[in-house]
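See structure below.
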Amino acid sequence: MVSVASIASITDSDASVSAIRLDNTMTAAITGAKRTKKVGITGKYGTRYGASLRKQVKKMEITQHASYICTFCGKESVKRTAVGIWNCRGCRKTIAGGAYTLSTPFALTTRSNIRRIRELSDK
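All you need for the numbering used here is the position in the sequence shown, starting with 1, plus 129.
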């Protein structure tokens, strides 16, 4: 039978760690999930590819995995399914959009230009 000799609580800079020492031979460590400080979703790349490229990829991956507000039903339930294809889980609509965001900056300027021309033609 194994007896517990001592129980120590150690605080790490990233996560709190509780260690149980069993007969001075075995140590079982129970840790919480470690979080990254700056790299976020691009932590999976490690030190590869360079910092600038990882920052660009981070920006793209955050926008492509985000939920967007549906223009048809108003719910924040539009998710990307493939490049340029976005599905609303609320109203089941499929929307064509940008590769990484639901609507691209060029689409926004085009939409405002069309609205402006339409208002001028109505007068």
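The beta carbon of each residue, even a glycine, is placed where N, CA and C say it ideally should be.
Please work out which residues of its chain come closer than 8 Å, Cβ to Cβ, to residue i, disregarding the five sequence neighbours upstream and downstream, and give them in chain order.
| i | result |
| --- | --- |
| residue 225 | 213, 214, 215 |
Along the beta strand (DSSP E) that carries residue i, what are the first and last residues, could you check?
| i | result |
| --- | --- |
| residue 210 | 205-211 |
Near residue i, what residues of its chain come up, given a Cβ to Cβ distance below 6 Å and the 5 sequence neighbours on each side ignored?
| i | result |
| --- | --- |
| residue 197 | 207, 231 |
| residue 229 | 189, 192, 193 |
| residue 227 | 233 |
Going by DSSP, what residues sit across from residue i in a beta bridge?
| i | result |
| --- | --- |
| residue 223 | 216 |
| residue 197 | 207 |
Output the distance between the C-alpha atoms of residue i and residue j, rounded to the nearest integer angstrom.
| i | j | result |
| --- | --- | --- |
| residue 173 | residue 187 | 11 Å |
| residue 205 | residue 237 | 19 Å |
| residue 234 | residue 251 | 26 Å |
| residue 249 | residue 185 | 40 Å |
| residue 178 | residue 161 | 29 Å |
| residue 165 | residue 241 | 40 Å |
| residue 181 | residue 168 | 11 Å |
| residue 246 | residue 223 | 28 Å |
Between which two residues does the alpha helix (DSSP H) holding residue i run?
| i | result |
| --- | --- |
| residue 164 | Careful: residue 164 lies outside any alpha helix (DSSP H) and carries neither H nor E. |
| residue 236 | 234-251 |
Within the same chain, show all residues whose beta-carbon is closer than 7 Å to that of residue i, passing over the 5 residues directly before and after it, in chain order.
| i | result |
| --- | --- |
| residue 126 | Because the chain is modelled from 130 through 252, residue 126 falls outside the range shown and cannot be assessed. |
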